[in-house]
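*Asks:*
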Amino acid sequence: MKIHVYEKGFLAAGLVVLIGCMSALAYASFGRHIHLPGVAGQVDPRNLSNTPPFDQPGVREVAPGQYEVVVIGRYWSFTPAQVRVPAGADITFIATSADVLHGFNIEGTRLNMMLIPGQISRNTYRFDEPGEYLLICHEYCGIGHHTMAGRVIVEAAATGATTTGERNPGS
Amino acid sequence: MAALTPIVADPSGYQLPVMQRRILRYTIYIGYLALTAGVFHGLANALGYAGVSILGWFPALQNYYQGLTAHGVANVLIFTFSFSNAFLPLMTARALSRPLSSGLLWASFAALVLGNVLAIYAVVSNQASVLFTSYAPLQAHWSYYLGLALVVVSTWLALANMLVMVRGWRRDHPGQRTPLLAYMSLASYLMWLLASVPIAVEFLVFLLPWSLGLRETVDPLLTRTLFWFTGHAIVYAWLLPAYISWYALIPRQVGGAMISDSYTRIVFILFLLLSIPTGFHHQYTDPGISTGMKAAHGFLTFGVFFPSLATAFSVIAALEIGGRRRGGRGLLGWFWRLPWGDPSVAAQLLAMLTFVLGGATGLVNASYTMNQVIHNTTWVPGHFHMTVGTAVALTLMGIAYWLIPFLTERQLWSRKLALASSWIYTIGVLVFARGMISGGLEGMPRRTFMAEATYSSPDWVLPGIITGVGGSMMFVGVMLFFIVVGMTVIAGRRTGAPVDIPVSGTLSPPARSGWEPSLDRLGLWVIVAIVLILIAYAPFFLSYEPNAVSPGFRLF
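Those protein sequence lines, which keep their order, are chains A and B.
FYI, the numbering for the first sequence is 0 to 170, going by numbering that gives the first Met the number 0.
FYI, the numbering for the second sequence is 0 to 555, going by numbering that gives the first Met the number 0.
Structure follows, in structure tokens:
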């Protein structure tokens with residue numbers, strides 16, 4: 000089989016581009032510690048009110064500068080609908096669904112997770128800028144889907160000691 | 000130029016029996032009708048992002064998501080597979096100069112019609128407003144799952160028909176290479192056969208019994224994973240028939256030539272091998288799947304980009320030969336000399352150009368952590384309206400401009416209107432995608448009735464308006480297409496003599512000895528593909544603990 004020299008060049012250039020893309024992704028993940036949600040346990044969606052941590056949805060400080068936010072998606076609202084967290088802290092969102100598939104997307108951040116009944120979604124983020132962030136369900140969950148939203152209010156840290164550093168710390 | 004090597008057994012022509020041609024014609028009609036029916040709610044979706052609700056114009060419609068379900072089912076399932084069910088067996092029959100099996104042809108057609116009737120009943124009666132992805136635990140009426148399963152069965156029967164033909168031809172022609180056009184057609188649906196097994200399991204083992212009350216609960220992550228096990232390869236099942244036109248037919252239509260027989264076969268084998276073990280890149284943001292599995296599928300997704308790069312070179316080279324023979328000069332002069340006045344060619348050239356942007360945005364989707372920026376935002380429909388929505392849909396529209404005259408023995412009704420349709424559609428989709436993609440980068444959610452959403456963002460206003468404008472143009476483009484095809488069927492001038500399918504030839508012929516004949520052993524390549532699929536999916540299925548916790552919900 001003859002392969003034309005231009006064709007070899009084209010395919011080689013294509014391979015270089017693809018390898019370049021993959022290297023950039025590897026760097027983002029391992030070098031800059033930007034991660035996807037992974038395996039974080041299972042849960043029975045019919046029994047959330049008796050299953051920690053979903054028996055107490057909301058914000059809690061687990062260590063100095065480290066917070067957990069527990070959220071439940073159910074048609075067509077988030078519980079709690081509004082949370083307050085400090086800027087500059089590591090916030091770990093732990094979420095699941097009580098009924099059908101939902102989405103969990105916080106505007107202007109890379110926090111973007113599916114909420115699947117039976118599975119626990121978990122990801123960590125640090126908000127550098129205080130302000131109000133829209134939380135929306137971005138997976139179809141029935142005819143009221145477009146009414147399902149919440150709010151994350153990021154408050155300036157009390158100590159005022161936040162330093163600018165890595166935007167996305169290791170989770 | 001050297002003489003071209005035919006890619007069919009008999010270049011002088013072949014006509015199918017009249018009855019078989021008629022069934023293929025009706026199958027094709029189902030596809031183009033589904034395209035036309037589906038875009039009505041496409042218009043409603045696009046305008047919804049512009050803040051305009053036109054649902055009141057659709058009196059039969061009970062809610063937005065019922066229409067969105069119809070849009071997805073009609074445009075990416077019924078349209079594409081009805082077309083392929085007719086097109087691929089037709090190409091195989093032409094390549095081998097053999098008739099189809101009438102029994103299998105009828106069976107495939109009957110399964111497609113019955114599947115359509117069941118699915119349409121469920122969707123129209125608002126008992127299946129679950130969107131075409133059918134994610135459990137939203138539960139549809141059993142007729143929806145059974146109907147779509149029958150559509151899949153119809154594709155298997157079409158494949159069986161091609162297998163019977165190819166086996167018969169090989170038996171009669173021992174030692175000969177399988178004609179390339181038949182090879183490409185068969186490889187396309189063999190890939191789809193492997194790809195369709197998980198969705199068949201999802202529907203027949205889990206969702207159908209669950210909707211009938213025979214199963215109380217299902218596992219939403221497991222069924223979703225089965226869906227995406229099929230769900231990425233399905234886009235290649237839509238794309239490969241378009242590639243067959245680009246590789247094998249368009250060169251003839253522009254006066255060019257296919258480059259290489261073996262190279263084309265290798266590209267189709269790569270699609271057979273690499274299309275399927277990539278599904279987790281649709282589930283990057285899912286819980287319950289390890290980041291290692293997600294990364295592995297991410298790398299494989301970049302791998303399947305490679306045969307599309309190879310296709311770009313081959314197809315453009317074939318076009319360049321045509322353009323230069325028509326007097327084109329210089330680096331790009333050949334491009335303007337292509338027969339842009341031929342509506343079938345113009346539609347497919349525009350489809351190819353748009354596909355460049357579709358492919359590039361697809362790489363962003365596949366880009367692992369970067370996916371978190373755009374997952375489930377309007378970026379994604381912005382992307383796929385340039386791939387399946389243009390590279391495939393507009394190519395299939397372009398094919399209609401010779402295929403409908405071929406099947407009806409009537410001339411195309413209006414070349415000018417056909418040309419206008421393609422240009423309006425293409426400009427429309429580029430505007431539409433610009434709106435959806437920029438909105439998606441600002442987090443505008445897909446599959447959401449924005450006209451009545453209780454939240455909004457100032458960043459979504461302009462992208463939404465652009466989306467509405469572009470979507471309206473796309474709608475006009477498809478309506479013009481429908482008028483052209485409809486009028487051709489009803490009022491096209493009858494052509495006296497039967498025409499032939501525009502089949503090209505290759506510059507470098509298939510080798511009769513050495514390693515290249517082993518490319519024809521598709522059974523062997525199917526086994527290699529199965530091994531790759533097992534490597535890519537076994538770690539998940541072996542380690543996953545099923546969690547069947549979900550009864551059905553009907554929230555529509």
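In this text, a Cβ means the ideal position worked out from N, Cα and C, and glycines have one as well.
Against chain A, which members of the segment 312-334 of chain B pass a CB distance test of less than 9 Å?
*Replies:* Cβ contacts with chain A: Phe312, Ser313, Ala316.
*Asks:* So which residues of chain A does Lys293 of chain B contact, with C-beta pairs closer than 7 Å?
*Replies:* Correct list: Leu35.
*Asks:* Taking C-beta pairs closer than 7 Å, name the residues in chain A that Asn364 of chain B reaches, listed in chain order.
*Replies:* None at all; the shortest Cβ gap to chain A is about 12 Å.
*Asks:* Could you say if the segment 46-66 of chain B and the segment 74-82 of chain B meet the contact criterion of at least three C-beta pairs nearer than 8 Å?
*Replies:* Not touching, per the Cβ criterion.
*Asks:* What does a CB cutoff of less than 6 Å around Ile398 of chain B pick up in its chain, not counting 5 residues either side in sequence?
*Replies:* Contacts found: Ser244.
*Asks:* Hey, is Thr447 of chain B's beta-carbon within less than 8 Å of any beta-carbon in chain A?
*Replies:* Cβ-Cβ to chain A under 8 Å: yes for Thr447 of chain B.
*Asks:* When you compare the CB of Val372 of chain B with every CB in chain A, is at least one pair closer than 8 Å?
*Replies:* It does; some Cβ of chain A falls within 8 Å.
*Asks:* Looking only at its own chain, which residues have a Cβ that is under 6 Å from the Cβ of Thr162 of chain A, when we skip the five neighbours before and after it?
*Replies:* The predicted model places Thr162 of chain A with a pLDDT of 38, which falls under 50 and marks its position as unreliable, so this point remains unresolved.
*Asks:* List in chain order: all unbroken alpha helix (DSSP H) runs of 4+ residues lying wholly within the segment 50-81 of chain B.
*Replies:* Fully enclosed alpha helix (DSSP H) runs of 4 or longer: 63-71.
*Asks:* Does the segment 522-532 of chain B come close enough to the segment 187-204 of chain B to have 3 or more Cβ pairs within less than 8 Å?
*Replies:* Touching, yes.
*Asks:* Judging by CA-CA distance, which residue of A:Ile2, A:Val153, A:Pro44 is the nearest neighbour of Ala86 of chain A?
*Replies:* The shortest Cα separation from Ala86 of chain A among A:Ile2, A:Val153, A:Pro44 belongs to A:Val153.
*Asks:* Using a Cβ-Cβ cutoff of 8 Å, what residues of the segment 117-135 of chain A are near chain B? List them in chain order.
*Replies:* Those would be Gly117, Gln118, Ile119, Ser120, Arg121, Leu133, Ile135, in chain order.
*Asks:* Report back the beta-carbon spacing between Pro178 of chain B and Val7 of chain B to the nearest angstrom; my notes put them in contact at under 8 Å.
*Replies:* Right, their Cβ atoms sit about 5 Å apart.
*Asks:* When DSSP labels each residue in this structure, what does Pro116 of chain A get in the three-state scheme?
*Replies:* Looking at Pro116 of chain A - three-state DSSP - the assignment turns out to be coil, as it is neither helix nor strand.
*Asks:* Can you tell me where the alpha helix (DSSP H) with Ser313 of chain B in it begins and where it stops?
*Replies:* Its alpha helix (DSSP H) spans residues 290-324.
*Asks:* Going along chain B in order, which residues have a C-beta closer than 7 Å to the C-beta of Gly49 of chain A?
*Replies:* Reading the sequence as shown, one finds Asn at residue 49 of chain A and not Gly. None at all; the shortest Cβ gap to chain B is about 14 Å.
*Asks:* Using the three-state DSSP reduction, which class does His140 of chain B fall into: helix, strand or coil?
*Replies:* His140 of chain B falls in the coil class under three-state DSSP.
*Asks:* Per DSSP, Ser96 of chain A is paired with what?
*Replies:* Answer is A:Gly72.
*Asks:* Taking the continuous beta strand (DSSP E) assigned at Met257 of chain B, which residues delimit it?
*Replies:* Met257 of chain B -> beta strand (DSSP E) spans 257-259.
*Asks:* According to DSSP, is Asp89 of chain A part of a helix, a strand, or is it coil?
*Replies:* Asp89 of chain A: strand per DSSP, three-state reduction.
*Asks:* Would a check of beta-carbon distances place Ile288 of chain B closer than 8 Å to chain A?
*Replies:* Yes, Ile288 of chain B lies at the interface with chain A (some Cβ there is under 8 Å from its Cβ).
*Asks:* Glu60 of chain A bridges to which residues according to DSSP?
*Replies:* A:Tyr66, per the DSSP bridge assignment.
*Asks:* Contact criterion: CB-CB distance below 8 Å. Does Ile6 of chain B meet it with respect to chain A?
*Replies:* No, Ile6 of chain B lies away from the interface with chain A (no Cβ there is under 8 Å from its Cβ).
*Asks:* Taking the continuous beta strand (DSSP E) assigned at Ser507 of chain B, which residues delimit it?
*Replies:* Element bounds for Ser507 of chain B: 504-507.
*Asks:* Taking buried to mean at least 16 other C-beta atoms within 10 Å of its own C-beta, is Gly159 of chain A buried or exposed?
*Replies:* Because the pLDDT of Gly159 of chain A is 42, which lies under 50, any placement of that residue in the model is unreliable, and the number read from its coordinates should be weighed accordingly. That one is exposed.
*Asks:* Once DSSP output is grouped into helix, strand and coil, what is the label at Glu154 of chain A?
*Replies:* It is a strand residue.
*Asks:* If I measure Cβ to Cβ from Ala562 of chain B and keep anything under 6 Å in the same chain, skipping five residues before and after, which residues do I get?
*Replies:* Limits of chain B in this structure are 0 at one end and 555 at the other, which puts residue 562 of chain B out of reach.
*Asks:* Closest Cβ-Cβ distance between Leu220 of chain B and chain A: below 8 Å?
*Replies:* At least one chain A Cβ lies under 8 Å of Leu220 of chain B.
*Asks:* At a cut-off of 7 Å, would you count Thr91 of chain B as near the ligand NAD, judging by its Cβ distance to the nearest heavy atom?
*Replies:* With respect to small molecules bound, the structure shown includes none, and the ligand NAD cannot be examined in it.
*Asks:* Within its chain, find whatever has a CB closer than 7 Å to the CB of Pro129 of chain A; leave out the 5 residues flanking it on each side and keep chain order.
*Replies:* Here the set comprises Ala86, Val153, Glu154, Ala155.
*Asks:* What do you get for Met18 of chain B, buried or exposed, if any count of 16 or more other CB atoms within 10 angstroms of its CB means buried?
*Replies:* Per the 10 Å Cβ criterion, exposed.
*Asks:* Return the CA-CA distance between Trp237 of chain B and Ala317 of chain B, expressed in angstroms with no decimal places.
*Replies:* Spanning the two alpha carbons is a distance of roughly 22 Å.
*Asks:* Rounded to whole angstroms, how far is the Cβ of Tyr283 of chain B from the Cβ of His374 of chain B, which I believe are closer than 8 Å?
*Replies:* Between His374 of chain B and Tyr283 of chain B the Cβ distance is about 7 Å, and since that is below 8 Å, they are a contact.
*Asks:* Among B:Leu272, B:Thr360, B:Leu416, B:Gly30, which residue has its Cα nearest to the Cα of Ile529 of chain B?
*Replies:* The shortest Cα separation from Ile529 of chain B among B:Leu272, B:Thr360, B:Leu416, B:Gly30 belongs to B:Leu272.
*Asks:* With DSSP as the reference, label Thr162 of chain A as helix, strand or coil.
*Replies:* Note that Thr162 of chain A scores a pLDDT of 38, beneath 50, so its modelled location is shaky; the value from the coordinates is reported in the next line. Note: Thr162 of chain A maps to coil in three-state DSSP.
*Asks:* Any idea if Phe383 of chain B is buried or exposed, counting beta-carbon neighbours within 10 angstroms, 16 or more meaning buried?
*Replies:* That one is buried.
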